[in-house]
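Chemist:
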Amino acid sequence: MSLIKLEAIGKSYGDTQALQCIDVNIETNEYVSIFGPSGCGKSTLLSILGLVEQSCQGRYLLLDHDVTTLSADQLAILRRRHLGFIFQNFNLIDHLNNIDNIALPLIFDGMPHQQAQHQAQEALNSLNLVQHGTKYPWQLSGGQQQRIAIARALVNNPDILLVDEPTGNLDSRAGDQVMEILDELHRQGSTIVLVTHDEKYASRALRQIVLKDGQVSSACYA
Ligand SMILES: Nc1ncnc2c1ncn2[C@@H]1O[C@H](COP(=O)(O)OP(=O)(O)OP(=O)(O)O)[C@@H](O)[C@H]1O
Ligand SMILES: [Mg+2]
């Protein structure tokens with residue numbers, strides 16, 4: 026089944042045409058990278074996929090829902106239940122400890138506190154971060170913070186992981202570790218869409234979509 030179906034998606038900011046005529050399908054258990062130079066529209070495309078931005082043109086079907094027909098509340102539910110996000114700058118909340126950061130998407134979705142903590146603890150364990158649960162994000166290295174952010178993205182067992190430059194703020198060793206975690210998640214069945222401007226990471230995905238000036242300039246399979 027197509028998890029994601031984009032038909033002639035376009036997005037402009039004033040005079041800037043950030044994306045035009047994007048047609049992309051993403052199936053269950055695909056590992057797709059979106060690659061291209063700075064300003065080519067990668068983050069814009071990911072934020073449309075993640076229901077953070079609306080497109081100006083075209084049609085987006087996510088899990089067979091036409092997202093243009095949904096209310097803000099329905100979009101928020103779809104986002105919370107089906108999507109997991111990982112960002113370049115981690116986006117952790119500094120005044121919450123790491124377990125509470127991971128549990129946050131579950132709390133937002135109405136899960137009782139104790140159950141959310143339990144599920145967050147399991148996500149923490151799966152990323153070998155057991156000893157860091159009661160610490161705060163600012164007490165961890167960049168690589169550890171990114172692993173907490175990955176645990177948070179996984180905690181609601183999302184259908185799709187949307188990942189924007191996950192290695193951009195990391196040294197090459199921590200970056201490689203994060204990429205190994207993504208590769209392993211894909212082997213375990215996750216569907217991953219990875220935005221990167223690093224060719225060596227883009228080529229680890231099984232399909233590469235190359236963007237140039239807001240358009241798909243090529244798409245190829247590994
Ligand atoms: N909120 C915004 N307002 C106005 N223009 C924007 C906005 N967001 C993006 N743009 C423009 O849209 C184009 C695509 O931006 P986008 O952030 O998607 O690029 P990118 O490929 O992610 O770049 P980078 O690799 O530097 O992160 C750029 O020309 C950018 O200046
Ligand atoms: Mg970007």
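Residues in the sequence shown are numbered from 26 upward in steps of one, following my numbering. Virtual Cβ for every residue (Gly too), placed ideally from N, Cα, C. From a predicted model like this one, the values you see are computed outputs, not experimental measurements.
Cutting at 6 Å between CB atoms, please list the residues of its own chain near residue 176, excluding the five before and the five after it.
Modeler: For residue 176, where only same-chain residues beyond five positions count, the Cβ hits under 6 Å are 127, 148, 149, 152.
Chemist: Is the distance from the Cβ of residue 54 to the Cβ of residue 30 below 8 Å?
Modeler: Contact flag unset, no.
Chemist: Quick check on the DSSP output: what are the complete alpha helix (DSSP H) runs of length 4 or more inside the stretch 43 to 76, in order along the chain?
Modeler: Entirely contained in the stretch 43 to 76, the alpha helix (DSSP H) runs reaching 4 residues are, in chain order, 67 to 74.
Chemist: How many angstroms separate the CA atom of residue 213 from the CA atom of residue 48?
Modeler: When rounded, the distance between both Cα atoms is 27 Å.
Chemist: Nearest CA to the CA of residue 193: which residue from 221, 154, 174?
Modeler: Ranking 221, 154, 174 by Cα distance to residue 193 puts 221 first.
Chemist: Determine the DSSP secondary structure at residue 244, reduced to helix, strand or coil.
Modeler: Reduced to three states, the DSSP call for residue 244 is strand.
Chemist: Given a threshold of 16 other Cβ atoms within 10 Å of its Cβ, counted over all protein chains shown, does residue 189 qualify as buried or as exposed?
Modeler: So residue 189 counts as buried.
Chemist: Just to confirm, is the Cβ distance from residue 14 to residue 236 under 8 Å?
Modeler: One cannot answer for residue 14 here, as it falls past the ends of the chain, which runs 26 to 247.
Chemist: Would you say residue 190 touches ligand 2, meaning its beta carbon is less than 7 Å from a heavy atom?
Modeler: Under cutoff, so the answer is yes.
Chemist: When the Cα atoms are used, what is the spatial distance from residue 90 to residue 73?
Modeler: Looking at the two C-alpha atoms, the distance is approximately 14 Å.
Chemist: Under 7 Å: does the beta carbon of residue 159 sit that close to some heavy atom of ligand 1?
Modeler: Checking the Cβ of residue 159 against ligand 1 gives no.
Chemist: Keeping to the same chain, check which residues put their C-beta closer than 7 Å to that of residue 200; ignore five residues upstream and five downstream.
Modeler: Result list for residue 200: 192, in chain order.
Chemist: Please state the DSSP three-state secondary structure of residue 109.
Modeler: In this structure, residue 109 counts as strand in the three-state DSSP scheme.
Chemist: Considering only the beta carbon of each residue, do residue 158 and residue 140 sit closer than 8 Å?
Modeler: No, these two residues do not count as a Cβ contact at 8 Å.
Chemist: Tell me residue 216's beta-bridge partners as DSSP assigns them.
Modeler: BP columns for residue 216 point to 185.
Chemist: Is the beta carbon of residue 68 closer than 8 Å to that of residue 233?
Modeler: Against a cut-off of 8 Å, the Cβ pair of residue 68 and residue 233 comes out as no contact.
Chemist: With respect to 7 Å, is the separation between the Cβ of residue 68 and the closest non-hydrogen atom of ligand 2 below this value?
Modeler: The answer is yes for residue 68.
Chemist: Thinking C-alpha only, which one of 41, 99, 61 is nearest residue 224?
Modeler: Ranking 41, 99, 61 by Cα distance to residue 224 puts 61 first.
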